[in-house]
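J.: In our numbering, the protein residues as written are 1 to 131.
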(Lines of atoms letter the chains of each structure in order from A; the text may use other names.)
(Lines give C-alpha, C1' and ligand atoms only; values in the text may rest on other atoms or scores of the structure.)
Protein backbone atom coordinates (compact mmCIF):
# COMPACT_ATOMS: atom_id res chain seq x y z
CA UNK A 1 0.00 0.00 0.00
CA UNK A 2 1.37 3.40 -0.90
CA UNK A 3 3.99 2.10 -3.29
CA UNK A 4 3.92 3.60 -6.74
CA UNK A 5 2.86 1.56 -9.75
CA UNK A 6 6.30 1.97 -11.35
CA UNK A 7 8.26 0.86 -8.23
CA UNK A 8 8.37 -2.84 -9.27
CA UNK A 9 9.70 -1.85 -12.70
CA UNK A 10 12.44 0.34 -11.24
CA UNK A 11 13.46 -2.44 -8.82
CA UNK A 12 13.48 -5.10 -11.56
CA UNK A 13 15.45 -2.82 -13.86
CA UNK A 14 18.12 -2.27 -11.18
CA UNK A 15 18.44 -6.00 -10.40
CA UNK A 16 18.56 -7.01 -14.07
CA UNK A 17 21.11 -4.29 -14.92
CA UNK A 18 23.35 -5.42 -12.05
CA UNK A 19 23.25 -9.05 -13.16
CA UNK A 20 23.75 -8.26 -16.87
CA UNK A 21 26.78 -6.17 -15.89
CA UNK A 22 28.17 -9.04 -13.78
CA UNK A 23 27.72 -11.45 -16.70
CA UNK A 24 29.40 -9.02 -19.10
CA UNK A 25 26.32 -8.80 -21.31
CA UNK A 26 26.21 -5.02 -20.93
CA UNK A 27 29.01 -2.57 -20.14
CA UNK A 28 26.92 0.21 -18.55
CA UNK A 29 23.74 -0.02 -16.48
CA UNK A 30 21.85 2.29 -18.86
CA UNK A 31 22.21 -0.41 -21.55
CA UNK A 32 19.73 -2.63 -19.67
CA UNK A 33 16.93 -1.39 -21.94
CA UNK A 34 18.55 -3.15 -24.90
CA UNK A 35 17.39 -6.46 -23.45
CA UNK A 36 14.71 -5.45 -20.92
CA UNK A 37 12.37 -3.98 -23.50
CA UNK A 38 8.99 -3.76 -21.80
CA UNK A 39 7.43 -2.62 -18.57
CA UNK A 40 7.40 -4.98 -15.62
CA UNK A 41 3.78 -4.63 -14.54
CA UNK A 42 0.25 -4.01 -15.65
CA UNK A 43 -3.05 -4.10 -13.84
CA UNK A 44 -4.90 -7.41 -13.93
CA UNK A 45 -8.65 -7.65 -13.64
CA UNK A 46 -11.58 -8.23 -15.93
CA UNK A 47 -9.28 -7.76 -18.92
CA UNK A 48 -5.81 -9.25 -19.27
CA UNK A 49 -4.34 -5.75 -19.36
CA UNK A 50 -6.85 -3.97 -17.14
CA UNK A 51 -6.83 -0.19 -16.96
CA UNK A 52 -5.80 1.61 -13.81
CA UNK A 53 -4.21 4.78 -12.56
CA UNK A 54 -0.45 4.67 -12.67
CA UNK A 55 0.10 6.25 -9.28
CA UNK A 56 -0.06 4.73 -5.79
CA UNK A 57 -1.13 1.12 -5.49
CA UNK A 58 -4.18 0.57 -3.30
CA UNK A 59 -5.54 -2.47 -1.44
CA UNK A 60 -7.59 -4.56 -3.85
CA UNK A 61 -5.41 -3.74 -6.87
CA UNK A 62 -4.02 -6.77 -8.68
CA UNK A 63 -0.90 -6.26 -10.77
CA UNK A 64 1.49 -8.48 -12.63
CA UNK A 65 5.21 -8.50 -11.98
CA UNK A 66 6.78 -9.98 -15.10
CA UNK A 67 10.30 -8.85 -15.89
CA UNK A 68 11.75 -10.26 -19.08
CA UNK A 69 15.12 -10.36 -20.77
CA UNK A 70 15.47 -10.98 -24.51
CA UNK A 71 18.86 -11.18 -26.21
CA UNK A 72 18.53 -11.44 -30.00
CA UNK A 73 21.14 -12.89 -32.32
CA UNK A 74 23.60 -10.26 -33.47
CA UNK A 75 23.57 -8.42 -30.13
CA UNK A 76 26.82 -6.76 -29.13
CA UNK A 77 27.56 -9.32 -26.43
CA UNK A 78 29.15 -12.76 -26.41
CA UNK A 79 27.26 -14.94 -28.93
CA UNK A 80 26.72 -17.58 -26.22
CA UNK A 81 23.94 -15.29 -24.92
CA UNK A 82 22.22 -14.85 -28.30
CA UNK A 83 18.66 -16.10 -28.76
CA UNK A 84 17.99 -16.30 -25.04
CA UNK A 85 14.69 -15.08 -23.66
CA UNK A 86 13.57 -15.34 -20.05
CA UNK A 87 10.32 -14.11 -18.57
CA UNK A 88 8.34 -15.14 -15.54
CA UNK A 89 5.11 -13.63 -14.29
CA UNK A 90 3.68 -13.33 -10.83
CA UNK A 91 0.23 -11.96 -10.09
CA UNK A 92 0.15 -9.83 -6.96
CA UNK A 93 -2.81 -8.74 -4.83
CA UNK A 94 -2.17 -5.48 -3.00
CA UNK A 95 -3.48 -5.73 0.58
CA UNK A 96 -3.48 -3.47 3.64
CA UNK A 97 -0.40 -5.27 5.00
CA UNK A 98 1.80 -7.36 2.72
CA UNK A 99 1.28 -8.06 -0.97
CA UNK A 100 -0.10 -11.53 -1.64
CA UNK A 101 1.50 -13.52 -4.46
CA UNK A 102 -1.48 -15.18 -6.12
CA UNK A 103 0.76 -17.27 -8.37
CA UNK A 104 3.01 -18.56 -5.58
CA UNK A 105 2.35 -22.21 -6.46
CA UNK A 106 3.33 -21.80 -10.13
CA UNK A 107 6.48 -23.70 -11.19
CA UNK A 108 9.67 -21.64 -10.95
CA UNK A 109 12.60 -23.93 -11.63
CA UNK A 110 13.65 -24.77 -15.18
CA UNK A 111 13.14 -28.48 -14.52
CA UNK A 112 9.59 -27.89 -13.20
CA UNK A 113 8.64 -25.74 -16.18
CA UNK A 114 10.13 -28.17 -18.72
CA UNK A 115 8.36 -31.09 -17.01
CA UNK A 116 5.05 -29.24 -17.18
CA UNK A 117 5.62 -28.46 -20.87
CA UNK A 118 6.47 -32.10 -21.59
CA UNK A 119 3.31 -33.27 -19.80
CA UNK A 120 1.21 -30.86 -21.86
CA UNK A 121 2.86 -32.03 -25.08
CA UNK A 122 2.30 -35.67 -24.16
CA UNK A 123 -1.34 -34.91 -23.38
CA UNK A 124 -1.82 -33.37 -26.84
CA UNK A 125 -0.13 -36.36 -28.51
CA UNK A 126 -2.40 -38.79 -26.65
CA UNK A 127 -5.47 -36.75 -27.57
CA UNK A 128 -4.51 -36.75 -31.27
CA UNK A 129 -3.83 -40.50 -31.20
CA UNK A 130 -7.31 -41.14 -29.78
CA UNK A 131 -8.99 -39.37 -32.69
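Where a beta carbon is used, it is the ideal one built from N, C-alpha and C, also for glycine.
For clarity, every value in this text was computed on a predicted model and none was experimentally measured.
Give a yes or no on whether the C-beta atoms belonging to residue 85 and residue 36 are separated by under 8 angstroms.
T.: Counting from 1 along the chain shown, the entry for residue 85 is found at position 85. Counting from 1 along the chain shown, the entry for residue 36 is found at position 36. For residue 85 and residue 36, no; Cβs fall outside 8 angstroms.
J.: Check whether the Cβ atoms of residue 99 and residue 92 sit closer than 8 angstroms, and answer yes or no.
T.: Stepping through the chain shown from its first residue, residue 99 is reached at position 99. Stepping through the chain shown from its first residue, residue 92 is reached at position 92. In contact: residue 99 and residue 92 (Cβ atoms closer than 8 angstroms).
J.: Grouping DSSP H, G and I as helix and E and B as strand, with all else coil, what is residue 19?
T.: Against the chain shown, residue 19 aligns to sequence position 19. Note: residue 19 maps to helix in three-state DSSP.
J.: Among 125, 114, 5, which residue has its Cα nearest to the Cα of residue 59?
T.: Looking up residue 59 in the chain shown gives position 59. Among 125, 114, 5, the Cα nearest to that of residue 59 belongs to 5.
J.: If we ignore side chains and look at the alpha-carbon of each, how far apart do residue 19 and residue 81 end up?
T.: Your numbering for residue 19 matches position 19 in the chain shown. Your numbering for residue 81 matches position 81 in the chain shown. Rounded to the nearest angstrom, the two C-alpha atoms are 13 angstroms apart.
J.: Can you tell me which of 24, 55, 83 puts its alpha carbon nearest to the alpha carbon of residue 42?
T.: On the chain shown, position 42 is the one that residue 42 refers to. For the residues 24, 55, 83, the minimum Cα distance to residue 42 belongs to 55.
J.: Please classify residue 102: does DSSP put it in a helix, a strand, or coil?
T.: Mapped onto the chain shown, residue 102 falls at position 102. Residue 102 falls in the coil class under three-state DSSP.
J.: Who are the Cβ neighbours of residue 131 in its own chain at under 6 angstroms, not counting the five residues just before and after it?
T.: Residue 131 sits at position 131 when you count from the first residue of the chain shown. Result list for residue 131: empty, nothing under 6 angstroms.
J.: In this structure, how does DSSP classify residue 93 when only helix, strand and coil are distinguished?
T.: To locate residue 93, count along the chain shown from 1; it is residue 93. The answer is strand: DSSP assigns residue 93 an E or B state.
J.: Got a sec, what are the start and stop residues for the alpha helix (DSSP H) residue 133 sits in?
T.: Because residue 133 is not part of the residues shown, which for the chain are 1 to 131, the question remains open.
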